[in-house]
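Numbering (our numbering), first residue to last: 24 to 258.
Presented below is the structure to which this report refers.
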């Protein structure tokens, strides 16, 4: 029981921080940099990616013992394509405006290196429960990076936060939009892709700084022991 708890705790640390797909592995950068101009789009794509990772890891773990090793990658891609197609159709039916905003980046999840990488590296080698949890944690870590990028870029570029929330949550969510300051003109550097590269660079630098400080604190302090030298013995 304790070993299982340690396994799940390690999966949480790996997905959210130590091996975060966005900040450490630098995977899925195309949608991560292109869709994060505002928090709503970032959250929508983050939730979709999380659901894809959770579903594909579960299915791949279920069929791992029945798929010949020689054709495992094509089979994994077929599983991912099936899951992405279902999610795309659901978004088209119930969140059409958000579906239009995300555009081509929804079907492109089929080739997302995060999804294929977790299916091959973890789900195909582990039981269903840890594989599903790994997909959930990796998806959560990626979604957090997306949302952080989207929030920072939206605040700097437009002076708002969670604008267009109704595209994701319905008409009632229009009241969730926060106007932080009135901007006569948008700050285009933050909204366009170069701004995403800059913010992403600061996030990676911040994570590296935190890791370096934690490593320095954890480093054992060498204790200097002075050797006593006996020069005289009294009888």
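Backbone N, C-alpha and C define an ideal beta-carbon position, used for all residues, glycine too.
The model shown is predicted, which means the values in this text are computed figures rather than measured ones.
- Task: Just mark residue 245 as buried or exposed, buried being the case when its beta carbon has 16 or more other beta carbons within 10 Å.
- Result: Counted from its first residue, the chain shown places residue 245 at position 222. Reliability of the predicted coordinates at residue 245 is poor, the pLDDT of 48 falling under 50, and no value is obtained from them.
- Looking at the structure shown, is residue 50 part of a helix, part of a strand, or coil, going by DSSP? Residue 50 sits at position 27 when you count from the first residue of the chain shown. If DSSP states are grouped into helix, strand and coil, residue 50 belongs with coil.
- Hey, residue 121 and residue 114: beta-carbon distance below 8 Å or not? Position 98 of the chain shown, counted from the first residue, corresponds to residue 121. Position 91 of the chain shown, counted from the first residue, corresponds to residue 114. The answer is yes: Cβ separation under 8 Å.
- Task: Under the assumption that residue 84 contacts residue 150 (Cβ atoms under 8 Å), give the Cβ distance between them as a whole number of angstroms.
- Result: Along the chain shown, one-based indexing puts residue 84 at 61. Along the chain shown, one-based indexing puts residue 150 at 127. Between residue 150 and residue 84 the Cβ distance is about 6 Å, and since that is below 8 Å, they are a contact.
- Query: Using the C-alpha atoms, what's the distance from residue 73 back to residue 89?
  - Reply: The residue you call residue 89 lines up with position 66 of the chain shown. The residue you call residue 73 lines up with position 50 of the chain shown. Whole-angstrom Cα-Cα distance: 25 Å.
- So, do the stretch 189-209 and the stretch 229-242 have three or more beta carbon pairs nearer to each other than 8 Å? Taking a contact to require three or more Cβ pairs closer than 8 Å, the stretch 189-209 and the stretch 229-242 do not qualify as touching.
- In whole angstroms, what separates the C-alpha of residue 128 from that of residue 75? Here residue 128 refers to the residue found at position 105 of the chain shown. Here residue 75 refers to the residue found at position 52 of the chain shown. If you take the alpha carbons of residue 128 and residue 75, they lie about 13 Å apart.
- Task: Classify residue 58 as helix, strand or coil using the three-state DSSP reduction.
- Result: The residue you call residue 58 lines up with position 35 of the chain shown. DSSP places residue 58 in coil when its eight states are reduced to three.
- For residue 59, I'd like the list of residues in its chain whose CB is within less than 7 Å of its CB, leaving aside the five on either flank, ordered along the chain. Mapped onto the chain shown, residue 59 falls at position 36. These residues qualify, in order along the chain: 65, 169, 172, 173, 176 and 219.
- Using DSSP with H/G/I as helix, E/B as strand and the rest coil, what is residue 184? To locate residue 184, count along the chain shown from 1; it is residue 161. Strand, per DSSP.
- Could you say if the stretch 47-55 and the stretch 206-217 meet the contact criterion of at least three C-beta pairs nearer than 8 Å? No: fewer than three Cβ pairs fall under 8 Å.
- Message: Going by beta-carbon coordinates alone, are residue 204 and residue 187 separated by less than 8 Å?
- Response: Numbered from 1 along the chain shown, position 181 holds the residue referred to as residue 204. Numbered from 1 along the chain shown, position 164 holds the residue referred to as residue 187. In this structure, residue 187 does not lie closer than 8 Å to residue 204 by Cβ.
- Taking the alpha carbon of residue 107 as the point to measure from, which residue in 31, 78 and 200 has its own alpha carbon closest? Residue mapping note: residue 107 aligns to position 84 of the chain shown, counting from 1. Closest by alpha carbon: 78.
- Query: What residue from 56, 94 and 91 has the CA that sits closest to residue 223's CA?
  - Reply: Numbered from 1 along the chain shown, position 200 holds the residue referred to as residue 223. That would be 56, whose Cα lies nearest to the Cα of residue 223.
- Message: Which residue marks the beginning of the alpha helix (DSSP H) containing residue 113, and which one marks its end?
- Response: Locating residue 113 in the chain shown gives position 90, counting from the first residue. From DSSP, the alpha helix (DSSP H) with residue 113 extends over 95-117.
- Query: Expressed to the nearest angstrom, what Euclidean distance is found between the alpha-carbon atoms of residue 116 and residue 54?
  - Reply: Start at 1 with the first residue of the chain shown, and residue 116 comes out as number 93. Start at 1 with the first residue of the chain shown, and residue 54 comes out as number 31. The C-alpha of residue 54 is placed about 22 Å away from the C-alpha of residue 116.
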